[in-house]
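Structure first, then comments.
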Amino acid sequence: MAREYPIENVRNIGIAAHIDAGKTTTTERILFYTGKKHKIGAVDDGTAEMDWMVQERERGVTITAAATTCFWQEHAIHLIDTPGHVDFTVEVERSLRVLDGAIALFCAVGGVEPQSETVWRQAERYEVPRIVFVNKMDRVGANFTRVLEMMKEQLGANPVPLQLPMGEGPDFTGVIDLVTQKAMRWDTTDLGQTYIETEIPPEFQDEVAQAREALYESVAVEDEALLEKYLGGEEITHAELLTVIRAATLQGNLFPVLCGSSLKNQGVQPLLDAVIDFLPSPLDVPPIEGTVPDFVHSEKNRDYKSLPQRKAAQKSIVRKANDEAPFSALAFKVASHPTVDKLVYCRIYSGVLKRGEVVHNVRSEKRERINRILQMHANKEAVCDAAYAGDIVTLVGLKDTKTGDTLTDPREPILLASITFPDPVISIAIEPERASDADTLEETLEKLMDEDPTFTVGIDKETGQRIISGMGELHLEILTDRMIREFGVNARVSKLQVAYRETISTFAEGRGTHIHKTDEEGIYGDVLLTVEPLARGEGFKFEDNTDETQIPRQYVPFIEKALEGATGTGPRIGYPMQDIKISLTGGSYDPTDSSEVAFEAAAVLAFENATRKANPLLLEPIMRMHITVSDEHVGKVIGDLNSRRAQINESTTQDISDTGRPSQSTQNVINAFIPLSETFQYTTRLRSMTQGRGAFTLEFSHYEVVPSSLAPDLNRVGSA
Numbered sequence: 003m004a005r006e007y008p009i010e011n012v013r014n015i016g017i018a019a020h021i022d023a024g025k026t027t028t029t030e031r032i033l034f035y036t037g038k039k040h041k042i043g044a045v046d047d048g049t050a051e052m053d054w055m056v057q058e059r060e061r062g063v064t065i066t067a068a069a070t071t072c073f074w075q076e077h078a079i080h081l082i083d084t085p086g087h088v089d090f091t092v093e094v095e096r097s098l099r100v101l102d103g104a105i106a107l108f109c110a111v112g113g114v115e116p117q118s119e120t121v122w123r124q125a126e127r128y129e130v131p132r133i134v135f136v137n138k139m140d141r142v143g144a145n146f147t148r149v150l151e152m153m154k155e156q157l158g159a160n161p162v163p164l165q166l167p168m169g170e171g172p173d174f175t176g177v178i179d180l181v182t183q184k185a186m187r188w189d190t191t192d193l194g195q196t197y198i199e200t201e202i203p204p205e206f207q208d209e210v211a212q213a214r215e216a217l218y219e220s221v222a223v224e225d226e227a228l229l230e231k232y233l234g235g236e237e238i239t240h241a242e243l244l245t246v247i248r249a250a251t252l253q254g255n256l257f258p259v260l261c262g263s264s265l266k267n268q269g270v271q272p273l274l275d276a277v278i279d280f281l282p283s284p285l286d287v288p289p290i291e292g293t294v295p296d297f298v299h300s301e302k303n304r305d306y307k308s309l310p311q312r313k314a315a316q317k318s319i320v321r322k323a324n325d326e327a328p329f330s331a332l333a334f335k336v337a338s339h340p341t342v343d344k345l346v347y348c349r350i351y352s353g354v355l356k357r358g359e360v361v362h363n364v365r366s367e368k369r370e371r372i373n374r375i376l377q378m379h380a381n382k383e384a385v386c387d388a389a390y391a392g393d394i395v396t397l398v399g400l401k402d403t404k405t406g407d408t409l410t411d412p413r414e415p416i417l418l419a420s421i422t423f424p425d426p427v428i429s430i431a432i433e434p435e436r437a438s439d440a441d442t443l444e445e446t447l448e449k450l451m452d453e454d455p456t457f458t459v460g461i462d463k464e465t466g467q468r469i470i471s472g473m474g475e476l477h478l479e480i481l482t483d484r485m486i487r488e489f490g491v492n493a494r495v496s497k498l499q500v501a502y503r504e505t506i507s508t509f510a511e512g513r514g515t516h517i518h519k520t521d522e523e524g525i526y527g528d529v530l531l532t533v534e535p536l537a538r539g540e541g542f543k544f545e546d547n548t549d550e551t552q553i554p555r556q557y558v559p560f561i562e563k564a565l566e567g568a569t570g571t572g573p574r575i576g577y578p579m580q581d582i583k584i585s586l587t588g589g590s591y592d593p594t595d596s597s598e599v600a601f602e603a604a605a606v607l608a609f610e611n612a613t614r615k616a617n618p619l620l621l622e623p624i625m626r627m628h629i630t631v632s633d634e635h636v637g638k639v640i641g642d643l644n645s646r647r648a649q650i651n652e653s654t655t656q657d658i659s660d661t662g663r664p665s666q667s668t669q670n671v672i673n674a675f676i677p678l679s680e681t682f683q684y685t686t687r688l689r690s691m692t693q694g695r696g697a698f699t700l701e702f703s704h705y706e707v708v709p710s711s712l713a714p715d716l717n718r719v720g721s722a
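The numbers in our numbering rise by one with no breaks, and the one at position 431 of the sequence shown is 433.
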């Protein structure tokens with residue numbers, strides 16, 4: 003069973019951008035031009051193949067990352083179309099974790115919008131090389147140069163145009179390739195399948211000459227030999243130019259920029275060429291790094307599996323993208339399936355996986371058999387006999403595998419870095435309609451948590467209600483809709499509630515003892531600790547300042563684990579705590595009566611005593627808001643924002659008329675920070691203020707202290 007394409011001809015890429023920039027439309031064109039499908043689907047009429055969920059087709063937004071494989075110029079392209087809405091950022095995060103390269107899509111009118119900036123930063127964090135496609139060049143208000151300037155100013159990027167648009171807005175007729183110095187125009191009669199290359203029109207000659215000189219300057223500084231030729235006035239060949247652009251792109255030093263209009267079928271084929279020319283194969287990215295799982299068990303109990311003493315040794319190891327290397331893969335997505343238990347999406351980093359083989363899950367320390375290997379195309383699948391290094395495939399038969407798990411050869415395990423996800427910020431209570439629906443609801447919630455790590459379920463300790471939490475209104479709305487329609491759950495949901503947090507504002511000390519003596523046995527645990535506040539966003543930190551004479555070493559990990567659990571319930575109202583440092587400073591023990599359980603209980607009591615004295619505060623999630631509104635309504639919108647405790651950061655005016663003169667096409671862009679609690683039902687309010695023409699996006703930014711005047715009025719809604 004040999005691989006169909008050599009690994010150097012494999013591209014693992016994603017398309018990432020702000021909502022409505024045209025990701026799914028571009029993906030549909032890619033599938034059409036590569037021959038993957040024979041009809042172009044459309045987002046607006048619900049026929050986009052990659053938006054296969056009912057909710058996606060109804061709402062015209064991408065909700066889940068959809069994977070497919072297509073072929074271009076004798077290369078296999080594993081492509082993931084990611085959502086643009088911030089509520090589904092989990093899909094972007096886990097996709098970028100396993101991709102080698104990405105297409106960053108920008109709207110020619112909106113430029114660098116809030117979510118496009120977010121996904122850009124996510125790609126930077128994972129060091130994913132990118133090429134840029136400026137889409138919607140045919141739209142009124144399109145401005146190619148402005149998008150480049152926004153990339154420099156807002157992203158700190160180094161965009162290098164390889165193309166120029168021939169006209170903008172309604173005047174857009176094609177693109178000019180600065181490398182080949184040819185104009186390209188697409189045939190509208192065959193859906194853009196063919197295009198012609200002509201000489202550059204005279205009216206663009208000067209602009210092209212300047213842009214080409216800038217291109218050579220930008221690229222030459224990336225390579226000494228090329229710089230010498232450039233400064234010496236020697237001719238630089240196309241091959242030399244492309245080679246250096248590719249190397250600089252892989253290093254993240256520059257970002258090739260192309261342009262077009264996916265909806266009008268213009269510019270997609272050169273984009274595919276750029277994927278092949280400039281984005282990496284699995285061989286072009288550094289080998290995946292991990293650690294050898296060499297677990298150390300406690301002396302008292304060698305059978306436990308999840309306690310903190312079970313520490314992975316820091317012996318690092320790398321696995322090259324090679325079919326001959328031991329098998330290793332990362333599970334980056336779990337999805338429900340109507341006929342099998344679940345689908346697990348995996349990136350194969352090394353080795354070969356054959357159908358029927360047994361793999362080792364490092365987290366669960368369980369072995370599972372691969373029943374089937376599937377190549378996905380949205381929600382359709384093709385069965386494969388094997389998967390190779392560099393492939394992205396879906397596995398069937400993995401019952402205990404979760405997002406972020408490492409799968410390896412049982413004989414040579416490796417633990418890969420998992421995927422981190424943001425905490426949810428909004429909650430609702432959910433209950434079954436009837437007692438007979440309770441089991442179905444529980445089973446469905448488990449499946450949805452398996453699929454989406456940003457979706458959590460908790461129990462309100464006072465009311466006993468189930469509290470489900472997510473990233474935003476749309477996120478929870480989609481999930482509850484899926485429960486009803488996809489899983490057949492009959493449930494009642496409450497109004498949306500904010501996922502508050504608690505913290506402390508001062509240093510404090512606390513002691514906790516758990517000491518009991520009976521005729522049969524004794525219990526003895528004594529813990530002294532201090533708590534102090536950390537900066538916002540630093541989470542939870544633990545420090546052990548004791549020695550063996552105060553608390554034996556084998557009990558310290560149990561104390562740490564108990565304290566971490568204790569932060570789940572704050573002293574003020576009962577919300578989870580964050581931004582707190584706990585230092586274990588003292589204690590005592592009894593050689594006979596002390597135990598792990600006794601020290602865990604003592605630690606929790608000490609923590610509660612300390613935090614009550616540390617002036618606890620309530621924190622609320624603050625969202626970054628981006629509003630686009632016509633100039634005539636901006637005063638009304640800003641006034642409303644001020645009444646909602648918003649902090650307006652910036653308000654800028656854009657002229658989107660096709661004449662270049664101020665007109666009723668002028669729009670205002672408002673950037674602000676606003677408490678999440680003030681945004682519920684804002685869609686309706688904005689529509690009424692702007693006659694339906696306003697639009698906004700929300701993205702979680704940070705937590706801030708709730709004003710003291712509001713804090714007493716907040717109702718407890720349970721842990722998020």
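Even for Gly, the Cβ is constructed at its ideal location relative to N, Cα and C.
Take residue i as the anchor and find which of the options has the nearest alpha-carbon.
i: Arg369; options: Met168, Thr408, Ala391, Leu244; result: Thr408
i: Tyr347; options: Lys401, Lys322, Gly567; result: Lys401
i: Ile105; options: Thr28, Phe702, Arg371; result: Thr28
i: Pro272; options: Phe135, Ser220, Asp208; result: Phe135
i: Gln467; options: Leu33, Glu435, Gly524, Gln377; result: Glu435
i: Asn145; options: Val270, Pro426, Gly262; result: Gly262
i: Val221; options: Pro258, Glu201, Asp189, Thr200; result: Pro258
So for residue i, helix, strand or coil by DSSP?
i: Arg357; result: coil
i: Glu115; result: coil
i: Gly641; result: helix
i: Arg718; result: Because Arg718 sits at a pLDDT of 42, beneath the cut-off of 50, its placement in the model cannot be relied upon, and the point is left open.
i: Leu712; result: coil
i: Pro328; result: coil
i: Ile9; result: helix
i: Gln212; result: helix
i: Asn373; result: coil
i: Leu417; result: strand
i: Lys449; result: helix
i: Gln649; result: strand
i: Glu610; result: helix
i: Arg59; result: Note on Arg59: pLDDT 42, under 50, position unreliable in the model; no value is reported.
State the start and end residues of the unbroken beta strand (DSSP E) segment that holds residue i.
i: Phe698; result: 697-707
i: Asn14; result: 12-18
i: Lys25; result: First-last for Lys25: 25-35, but that is the alpha helix (DSSP H), not the beta strand (DSSP E).
i: Arg503; result: 503-506
i: Ala106; result: 103-109
i: Glu622; result: 618-632
i: Thr692; result: Segment 684-692 is the alpha helix (DSSP H) holding Thr692; no beta strand (DSSP E) there.
With residue i as the anchor, note down where its alpha helix (DSSP H) starts and where it stops.
i: Pro272; result: 270-280
i: Met139; result: Counting along the chain, Met139 falls outside any alpha helix (DSSP H), and DSSP gives it neither H nor E.
i: Pro559; result: 558-568
i: Lys519; result: Where Lys519 is concerned, there is no enclosing alpha helix (DSSP H), although the beta strand (DSSP E) it sits in stretches over 510-519.
i: Thr405; result: Taken as a continuous stretch (DSSP letters only), Thr405 belongs to no alpha helix (DSSP H), as it is neither H nor E.
Taking Cβ positions only, does residue i come closer than 7 Å to chain D?
i: Leu281; result: In the structure shown, chain D does not exist; there is a single protein chain.
For the stretch 483-493 against the stretch 567-587, are there 3 or more C-beta pairs whose distance is under 8 Å? Segments in contact, no.
Any chance the stretch 442-462 sits against the stretch 390-399, with 3 or more Cβ pairs inside 8 Å? They do not touch, by the three-pair rule.
Inspect the CB distances between the stretch 625-640 and the stretch 545-555 and report whether three or more fall short of 8 Å. Because the criterion of three Cβ pairs below 8 Å is not met, the stretch 625-640 and the stretch 545-555 do not touch.
Are three or more beta carbon pairs between the stretch 473-487 and the stretch 500-519 nearer than 8 Å? The stretch 473-487 makes no contact with the stretch 500-519: fewer than 3 CB pairs, one atom from each, lie closer than 8 Å.
Across the stretch 147-158 and the stretch 242-249, are there enough close Cβ pairs to call them in contact, namely three or more that are closer than 8 Å? Under the Cβ criterion (8 Å, minimum of three pairs), the stretch 147-158 does not count as touching the stretch 242-249.
At 3 residues or longer, and completely inside the stretch 119-171: list those beta strand (DSSP E) runs for me, N to C. For the stretch 119-171, whole beta strand (DSSP E) runs of length 3 or above, ordered along the chain, are 132-137, 161-163, 165-168.
Touching by the beta-carbon criterion (3+ pairs, under 8 Å), the stretch 274-283 and the stretch 176-188: Flag = no, the stretch 274-283 and the stretch 176-188 do not touch.
Specify whether the stretch 597-613 and the stretch 524-540 touch according to this definition: at least 3 beta carbon pairs, one from each stretch, less than 8 Å apart. Counting Cβ pairs under 8 Å, three or more are found: they touch.
Evaluate contact between the stretch 207-214 and the stretch 230-240, counting only Cβ atoms and requiring at least three cross-stretch pairs below 8 Å. Flag = no, the stretch 207-214 and the stretch 230-240 do not touch.
The stretch 467-475 contacting the stretch 536-549, beta-carbon criterion three pairs below 8 Å: Result no; under three Cβ-Cβ pairs closer than 8 Å.
At least 3 beta-carbon pairs within less than 8 Å: the stretch 154-163 vs the stretch 190-202: The stretch 154-163 makes no contact with the stretch 190-202, as fewer than three CB pairs between them are under 8 Å.
List in chain order: all unbroken beta strand (DSSP E) runs of 3+ residues lying wholly within the stretch 425-498. As for any beta strand (DSSP E) of minimum length 3 sitting wholly inside the stretch 425-498, the runs are 428-434, 458-461, 468-472, 493-495, ordered along the chain.
Three-pair Cβ contact test at 8 Å for the stretch 578-591 versus the stretch 561-570: Yes: the two stretches touch, three or more of their Cβ pairs being nearer than 8 Å.
Contained beta strand (DSSP E) runs [length at least 3] in the stretch 219-279, N- to C-terminal order: Fully enclosed beta strand (DSSP E) runs of 3 or longer: 257-261.
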